[in-house]
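These notes concern the structure reproduced below.
Residue numbers (the working numbering): 722 to 1031.
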């Protein structure tokens, strides 16, 4: 593969996230050529379509990379099959249903000499790096995360998110954790309360307490029941002022003054990152956000709340 030739890529799992983000990003990126798709339900116009990744891998040897967009419960087996076939693998977030299965994929990809990319799209929001630089220059006193949205708006009729391994409110919450683990000092969970609807197997809300190794408290509030304006905010009180990283990482303000703001370019940036990794034969698999979710389920107190219906 040369830098001048596009990477032959396939989409596996043609659902909402693939149509909303992956396909538009690939269509605008000259570094890729979308040559196939595999999905038991959806199809992509203009390319070869297959019912499963195994069929795709057997029928389309020209594919060099796959982007896995199915729910996390099904991602390990698809990633393993692709890696064993010598393909580079882009993992939609979260990279898997468990920490241990992604660790296994890391070792397998390393042994096969292919790229494995655990993509954390929120880290590529336009104001995240500016927030990281600001916090690195300041003394943090306290921090908080408020990540609240309407599940009916963002995940309509998606039953997989309520099943074991579907993460529940941690599906969006892990986006906040992906930013927090990038801009804040290393931290660990000290307590958590997880609100489970009485008719669901995954939480609809969570309150999590973190502490850094230097004792800085970080309070986290995730909720999937917020209607109206949505809240995707990370706040920090510092010796240089009150920082608010809002709109999912798109806007940075300190003491009310906007320092950085920009449009959403997360997925195009992710694919540029993946291309560089593929061409340099490197991997990028940071499991810190997923580990925090696992720890929240491990330490969390289960609190049963009213039933949820779409």
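Cβ atoms here follow ideal geometry from the backbone N, Cα and C, with glycine treated the same way.
Residue environment: residue 796 is assigned as buried (16 or more neighbouring CB atoms within 10 Å of its CB, all protein chains considered).
DSSP, read as helix, strand or coil, puts residue 911 in strand. Annotated as proximal: residue 991 and residue 840, with beta-carbon spacing under 8 Å. With distances taken between CA atoms, residue 869 lies nearest to 927 out of 879, 741 and 927.
For residue 972, the three-state secondary structure derived from DSSP is strand.
In the three-state reduction of the DSSP assignment, residue 1023 falls in the strand class, which pools E and B.
Just measuring C-alpha positions, the residue of 743, 789, 754 and 745 sitting nearest residue 729 is 754. Out of 861, 912 and 954, the CA that lies nearest to the CA of residue 898 is found in 954. The C-alpha of residue 880 lies about 28 Å from the C-alpha of residue 837. When the five nearest sequence neighbours on each side are left out, the beta carbons in the same chain lying within less than 7 Å of the beta carbon of residue 1029 are those of 918, 920, 921 and 925, in order along the chain. C-alpha of residue 978 to C-alpha of residue 800: approximately 44 Å in a straight line. Bounds of the alpha helix (DSSP H) holding residue 779 are 774-780. Beta-bridge pairing by DSSP links residue 837 to 810. Cβ contact annotation for residue 877 (same chain, cutoff 8 Å, sequence separation greater than five): 1031, in chain order. At the C-beta level, residue 999 and residue 786 come within 8 Å of one another. Closest in alpha carbon position to residue 798, among 940, 829, 973 and 1015, is 829.
About 5 Å separates the beta carbons of residue 940 and residue 865, which is inside the 8 Å limit, making them a contact pair.
With respect to the C-alpha of residue 923, the residue from 767, 936 and 945 having the closest C-alpha is 945. Residue 962 carries a strand assignment under DSSP once its states are collapsed to helix, strand and coil. Secondary structure at residue 786: strand, using DSSP grouped into helix, strand and coil.
DSSP places residue 937 outside any alpha helix (DSSP H), giving it a letter other than H or E. Shown here, residue 864 sits in a strand according to DSSP, grouped into three states. For residue 771, there is no enclosing alpha helix (DSSP H); the enclosing beta strand (DSSP E) covers residues 769-771.
Here residue 858 is exposed. Its C-beta has fewer than 16 other C-beta atoms within 10 Å.
In this structure, the alpha-carbon of residue 765 lies about 42 Å from that of residue 931.
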